[in-house]
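What follows is a single structure, written as structure tokens, with notes after it.
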Amino acid sequence: MNHGALIFLSAFVTIAFSWAGLVMTPQLQLGRLEPVPQPAPQPDYPTARPGLAQQGLQVYRSMGCAECHTQQVRPEGDVERGWGQRRTVAQDYLADRPLLVGSLRLGPDLANFGVREAGRFAVPWKYATETNHLEETEAWLYRHLYQPRGQAPRSIMPSYAFLFERRPIRPGQSADAMALRVEEGQGGRWPEQVVPGPKARALVAYLMSLRADAPVFEAPLPGAAEAAAKQSATNAPAGGTTNQVSAPISTNTVSP
Amino acid sequence: MRNPTPAELRPLPEDSEPQAGTAPTPMWLVGLLGLLFYVATMSLDKQAGRFNPRVYTPYASFEKVEAANPKPATDPLFEKGRGVYLTYCASCHQADGLGSPIQAPPLAGSDWVLAEHPNRIIRIVLNGMAGPITVSGKSYTFNNVMLPWKDTLNDEQIAAVLTYIRMNKAWGNQASPVRPEQVAPIRKATAGRDTNWTQEELLKIALGAE
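The following block contains the structure:
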């Protein structure tokens, strides 16, 4: 019984078929996505991340954050949880290379972590601040990275204290604005402060750049169509379909 | 636990080789599988959005995605018509649609433009216009003629520019849009014509006639 050729052929056909369905077809369909044009003052979506945030993506990758955090808002449940206004689609990941969607949720989803509107946060616990200024949120995030249980008592996130540095405060210097802790110098030494290192700063810049809330065709914001219809009904733009005739053509007379 | 007896250790007789019998495939199984295939295909057809890359759950088809998106504030044909108008028409009729006293009659507020049916102005754009014309009660006589645009503009461009002219609220115009399907039959009907229209000829054509 020598069916080597047959076995090889069936294995080849099976693999080729699944490759065509799972790799080639999605590539043909989504391989040439372009950023979505947005109304005038906004840049097209998604934009490339600014430099520090781009470095932060590499920190996010090297620290293995994607092992426990996803960046994917699912259509069911996640919107109700407040993890995003809409589901995420392929368009949202155009600026990410490598793609860090993640597959396991030991921590909360981070797809909309950078959305800072008060009362709407991408994390299940709420930040302590009322106004959610960028600096306040960043300070919260530094403290959370340094000592997760200090901010969220039931968090199982490991501490990333090694991303922070101890620096002496020299005479005439004041403590860094982002310093997490200031220790009095013992025995005549200079006092020391714990400040975020370059990797922590890059990581926080990356996390603050995460947002998937721009309207895209595939996943319109809920209620957008109704709101636009209501607005066009009251505002009456130039493209209505009303058929008003100001003067009937029959008044045309042949000039003598 | 006892040891096996010699009789139990003896191998089975070798003449009783098991044989695979043949049995016909039961027809009910074929029918059931066919039914399952049918239901699966119907379900795929209904919910897979025809594998369109722009359709994601919870939307089941491209039409549903489109319905959930806000409509553009203006007709896309209107926006297209703005470009056509500024390229070809504005040099005589002016960007504000008020025309020019030596070249072209006004389009803003014109009773020709705002007529219920656009069949006459489609003819004007296709074959051009010559001779005196009365617009909104005022007589105009120009030395030049309006050029025929049937070789330059296709049906969609003519429909777009007429939509732009008829629906331009900035000019005070508010009439129905013109669709390319309205231009095509008139282009076909006037295919043999190679002279400009005159007012007398156009007024003989009933409004709404093709």
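Chains D and F are the protein sequences, given in the same order. Yeah, the first sequence ends on 804 if you go by the working numbering, and it's all consecutive. Yeah, the second sequence ends on 214 if you go by the working numbering, and it's all consecutive. The beta carbon of each residue, even a glycine, is placed where N, CA and C say it ideally should be. Bear in mind that the values here come from a model prediction, so they are computed numbers and not experimental data.
Any C-beta of chain F under 7 Å from that of residue i
i	result
V649 of chain D	no
T782 of chain D	Per-residue confidence for T782 of chain D stands at a pLDDT of 49, beneath the threshold of 50, marking its modelled position as unreliable; the derived number appears in the next sentence. Judged by the 7 Å Cβ criterion, T782 of chain D is not in contact with chain F.
P598 of chain D	no
E582 of chain D	no
E628 of chain D	no
T764 of chain D	Rather than Thr, the amino acid found at residue 764 of chain D in this sequence is Val. No, V764 of chain D does not count as interfacial toward chain F.
A773 of chain D	yes
L654 of chain D	no
V637 of chain D	yes
A633 of chain D	Checking the sequence shown, residue 633 of chain D turns out to be Gln, not Ala. Not an interface residue.
A578 of chain D	With the sequence shown as reference, residue 578 of chain D is identified as Leu, and Ala is not the correct amino acid for it. True, the Cβ-Cβ gap to chain F drops below 7 Å.
A659 of chain D	no
P672 of chain D	At P672 of chain D the pLDDT is 45, less than 50, meaning the model places this residue with poor confidence; the figure from the coordinates comes in the next sentence. No, because no Cβ of chain F sits closer than 7 Å to the Cβ of P672 of chain D.
A564 of chain D	no
A776 of chain D	yes
P768 of chain D	yes
P623 of chain D	yes
Beta-carbon gap between residue i and residue j smaller than 7 Å
i	j	result
G655 of chain D	H617 of chain D	yes
L758 of chain D	L647 of chain D	no
L769 of chain D	R634 of chain D	yes
Y754 of chain D	Y608 of chain D	yes
Q51 of chain F	A71 of chain F	no
G604 of chain D	A748 of chain D	no
L711 of chain D	G745 of chain D	yes
Y42 of chain F	V637 of chain D	no
R187 of chain F	W153 of chain F	Per the sequence presented here, residue 187 of chain F reads as Val, with Arg not at that position. Not in contact: V187 of chain F and W153 of chain F (Cβ atoms no closer than 7 Å).
V117 of chain F	R191 of chain F	no
R183 of chain F	N131 of chain F	no
G632 of chain D	V621 of chain D	yes
Pick from the options that is closest to residue i, judged by C-alpha positions
i	options	result
S140 of chain F	F:R86, F:I125, F:K75, F:D115	F:D115
K778 of chain D	F:L130, F:T199, F:P74, F:E205	F:P74
A776 of chain D	F:T61, F:G35, F:P76, F:G53	F:P76
T138 of chain F	F:E160, F:Q98, F:W32, F:G113	F:G113
A687 of chain D	D:M756, D:A767, D:N660, D:V621	D:M756
R645 of chain D	D:Q606, D:D592, D:I717	D:Q606
H121 of chain F	F:S180, F:D198, F:M150, F:T156	F:S180
N172 of chain F	F:L48, F:T78, F:L36	F:T78
L652 of chain D	D:G625, D:W631, D:E683, D:C613	D:C613
A767 of chain D	D:M611, D:T685, D:P623	D:P623
Chain-order list of residues whose beta-carbon lies under 7 Å from that of residue i (same chain, five-residue window excluded)
i	result
A772 of chain D	P763
M705 of chain D	G655, P696
E18 of chain F	none
Q161 of chain F	V88
N148 of chain F	Q107
E204 of chain F	none
Cβ-based neighbour list, residue i, same chain, cut-off 6 Å, excluding 5 preceding and 5 following
i	result
E185 of chain F	none
L689 of chain D	V752
L206 of chain F	R124
P672 of chain D	A caution first: P672 of chain D carries a pLDDT of 45, below 50, which makes its placement in the model too unreliable to give a value.
G101 of chain F	L111, A112, W175
G85 of chain F	A164, V165, T167, Y168
L600 of chain D	A750, A753
W567 of chain D	none
I2 of chain F	No information on residue 2 of chain F is available, as it lies outside the stretch 5 to 214 that chain F covers here.
CB contact below 7 Å: residue i versus chain D
i	result
A24 of chain F	no
Y60 of chain F	yes
N73 of chain F	yes
P2 of chain F	Since the first residue shown for chain F is 5 and the last is 214, residue 2 of chain F is missing from the structure and cannot be characterised.
P152 of chain F	no
P122 of chain F	no
P57 of chain F	yes
Same chain, Cβ closer than 8 Å to residue i, neighbours up to 5 away in sequence not counted
i	result
T202 of chain F	M133, A134, G135
message = If contact is defined by three or more beta carbon pairs under 8 Å, each pair taking one atom from either stretch, is the stretch 20-33 of chain F in contact with the stretch 591-607 of chain D?
response = no
request  = Could you tell me whether the stretch 725-736 of chain D touches the stretch 579-590 of chain D, where touching means 3 or more Cβ pairs closer than 8 Å?
outcome  = No, because fewer than three Cβ pairs between the stretch 725-736 of chain D and the stretch 579-590 of chain D fall closer than 8 Å, the two stretches do not touch.
ask   = Touching or not, the stretch 738-750 of chain D and the stretch 634-644 of chain D, by the rule of three or more beta carbon pairs under 8 Å?
value = no
query = Is it a yes or a no for the stretch 82-99 of chain F touching the stretch 155-168 of chain F, going by three-plus beta-carbon pairs under 8 Å?
reply = yes
query = Can at least three beta-carbon pairs, one atom from the stretch 94-111 of chain F and one from the stretch 141-151 of chain F, be found at a separation below 8 Å?
reply = yes
ask   = So, do the stretch 711-726 of chain D and the stretch 565-579 of chain D have three or more beta carbon pairs nearer to each other than 8 Å?
value = no
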